[in-house]
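*Asks:*
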Amino acid sequence: GMYLNDRTAAMKTLINDTYKAKIMRQEMELEFIQQQMNPHFLFNSLNTLISEIRYNPKNAELFTQHLSDVYRYTLQCQNQRLVTLQDELGFLDSYIFLHQVRLGDCIYVHNNVPDEWKEMKMPPLTLQLLVENVIKHNVIHSGKPMVIELCNVEEPPTLIICNPIRPKKCGVVSGMGLKNLSARYKLLCNQDIVIENESDKFTVKIPLLS
3 GMYLNDRTAA MKTLINDTYK AKIMRQEMEL EFIQQQMNPH FLFNSLNTLI
53 SEIRYNPKNA ELFTQHLSDV YRYTLQCQNQ RLVTLQDELG FLDSYIFLHQ
103 VRLGDCIYVH NNVPDEWKEM KMPPLTLQLL VENVIKHNVI HSGKPMVIEL
153 CNVEEPPTLI ICNPIRPKKC GVVSGMGLKN LSARYKLLCN QDIVIENESD
203 KFTVKIPLLS
């Protein structure tokens with residue numbers, strides 16, 4: 003009887019620990035997603051919207067549609083561990099549009115990833131975090147437009163995001179966003195993202211799951 007009791011106790015502990023890890027992962031996920039759409043972003047977007055309504059009513063409607071798409075996607079992501087690259091790119095279109103209107107049409111994404119990759123999987127809001135990071139740390143205006151390049155490597159399947167580095171004078175470099183993304187990748191995909199910070203170019207390599 004003793005042996006059986008030991009095994010039962012061990013099983014209970016294992017189930018308990020697995021359950022705790024699962025809850026912890028869900029909490030981390032949710033916290034990550036809630037941090038993503040910070041109030042600051044909403045505040046900026048609403049201010050932009052107010053001026054669009056006043057000066058460019060046609061565009062205001064489009065802006066509202068994209069803003070609504072961005073938030074709908076964020077809500078959908080709350081119970082998804084992975085999404086397709088296609089979903090992420092669709093979201094990115096809307097997200098970039100909002101920033102283009104706000105910053106004055108001086109941020110672009112060049113997407114060179116082949117169509118057949120669109121079913122590849124990744125954690126949701128990965129691209130949003132990376133683009134937000136670019137906007138936060140670099141000087142971007144009509145005289146210095148920002149082009150973010152997306153490309154890919156076949157083996158192992160990797161999405162590569164790179165941008166020129168043009169640091170803001172009083173740049174706050176916390177790196178928390180990338181640390182969170184990195185931890186989350188480890189947790190969800192058991193893979194590491196690679197960050198390369200050269201003098202004039204910033205590159206992030208994101209493993210994709212098939």
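The numbers in the numbering used here rise by one with no breaks, and the one at position 98 of the sequence shown is 100. Yeah, the Cβ is synthetic: ideal placement off N, Cα and C, and Gly gets one too. This one's a predicted model, so the numbers in the text were calculated from it and none came from an experiment.
By DSSP, does residue 211 sit in helix, in strand, or in coil?
*Replies:* The residue given as residue 211 occupies position 209 in the sequence shown. Residue state, collapsed to three classes: strand.
*Asks:* Quick check on residue 132: buried or exposed, where buried means 16 or more other Cβ atoms within 10 Å of its Cβ?
*Replies:* As a first step, residue 132 must be located in the sequence shown, where it is residue number 130. Residue 132 should be labelled buried.
*Asks:* Indicate the three-state DSSP secondary structure (helix, strand or coil) for residue 49 in the structure shown.
*Replies:* For the purposes of this step, residue 49 is taken as residue 47 along the sequence shown, with counting starting at 1. The answer is helix: DSSP assigns residue 49 an H, G or I state.
*Asks:* Using a C-beta cutoff of 7 Å, does residue 94 count as contacting chain C?
*Replies:* This model lacks chain C altogether, as it is built from one protein chain only.
*Asks:* What does a CB cutoff of less than 6 Å around residue 210 pick up in its chain, not counting 5 residues either side in sequence?
*Replies:* On the sequence shown, position 208 is the one that residue 210 refers to. For residue 210, where only same-chain residues beyond five positions count, the Cβ hits under 6 Å are 122, 124, 159 and 161.
*Asks:* Within 10 angstroms of its Cβ, does residue 63 collect 16 or more other Cβ (buried), or is it exposed?
*Replies:* Along the sequence shown, one-based indexing puts residue 63 at 61. It counts as exposed.
*Asks:* Give me, in chain order, the residues of the same chain whose beta-carbon lies closer than 6 Å to that of residue 54; leave out the 5 immediate sequence neighbours on both sides.
*Replies:* For the purposes of this step, residue 54 is taken as residue 52 along the sequence shown, with counting starting at 1. Only 61, 62 and 65 meet the Cβ criterion.
*Asks:* Counting along the chain, where does the alpha helix (DSSP H) carrying residue 164 start and finish?
*Replies:* Walking along the sequence shown from the start, residue 164 turns up at place 162. That residue, residue 164, is in no alpha helix (DSSP H); its beta strand (DSSP E) goes 160-166.
*Asks:* If you check the beta carbons only, do residue 47 and residue 106 fall under 7 Å apart?
*Replies:* Your numbering for residue 47 matches position 45 in the sequence shown. Your numbering for residue 106 matches position 104 in the sequence shown. Taking 7 Å as the Cβ cut-off, residue 47 and residue 106 do not qualify as a contacting pair.
*Asks:* What residue does the beta strand (DSSP E) around residue 148 start on, and which one ends it?
*Replies:* Locating residue 148 in the sequence shown gives position 146, where the first residue counts as 1. Its beta strand (DSSP E) spans residues 148-155.
*Asks:* Would you say residue 115 and residue 154 are within 7 Å of each other, going by their C-beta atoms?
*Replies:* Here residue 115 is taken as the residue at index 113 of the sequence shown, counted from 1. Here residue 154 is taken as the residue at index 152 of the sequence shown, counted from 1. Closer than 7 Å, so yes.
*Asks:* Considering only C-alpha positions, which residue in the set 99, 150, 187 and 169 is nearest to residue 51?
*Replies:* Taking the first residue of the sequence shown as 1, we reach residue 51 at position 49. Cα-wise, what sits closest to residue 51 is 99.
*Asks:* Quick check: what's the CA-CA separation for residue 202 versus residue 164?
*Replies:* By one-based count along the sequence shown, residue 202 stands at place 200. By one-based count along the sequence shown, residue 164 stands at place 162. Distance between the alpha carbons of residue 202 and residue 164: 11 Å.
*Asks:* Leaving out five residues on either side along the sequence, give the residues of the same chain with a beta carbon under 6 Å from the beta carbon of residue 75.
*Replies:* Indexing the sequence shown from 1 puts residue 75 at position 73. Counting only Cβ-Cβ distances below 6 Å, and skipping sequence neighbours, we find 93.
*Asks:* Using alpha carbons as the reference points, say which of 101, 184 and 186 lies closest to residue 42.
*Replies:* Position 40 of the sequence shown holds residue 42. The option with the nearest alpha carbon to residue 42 is 101.
*Asks:* Would residue 72 and residue 97 qualify as a contact pair, given that the criterion is a beta-carbon distance under 7 Å?
*Replies:* Against the sequence shown, residue 72 aligns to sequence position 70. Against the sequence shown, residue 97 aligns to sequence position 95. Their beta carbons are under 7 Å apart, which means residue 72 touches residue 97 by this criterion.
*Asks:* For residue 198, which residues from the same chain have a beta carbon less than 7 Å from its beta carbon, with the 5 sequence-adjacent residues on both sides left out?
*Replies:* Walking along the sequence shown from the start, residue 198 turns up at place 196. Once the five neighbours on either side are set aside, the close Cβ partners of residue 198 are 205.
*Asks:* Does DSSP put residue 125 in a helix, in a strand, or in coil?
*Replies:* Within the sequence shown, numbered from 1, the residue matching residue 125 stands at position 123. In the structure shown, residue 125 sits in coil (DSSP, three-state: anything other than H, G, I, E or B).
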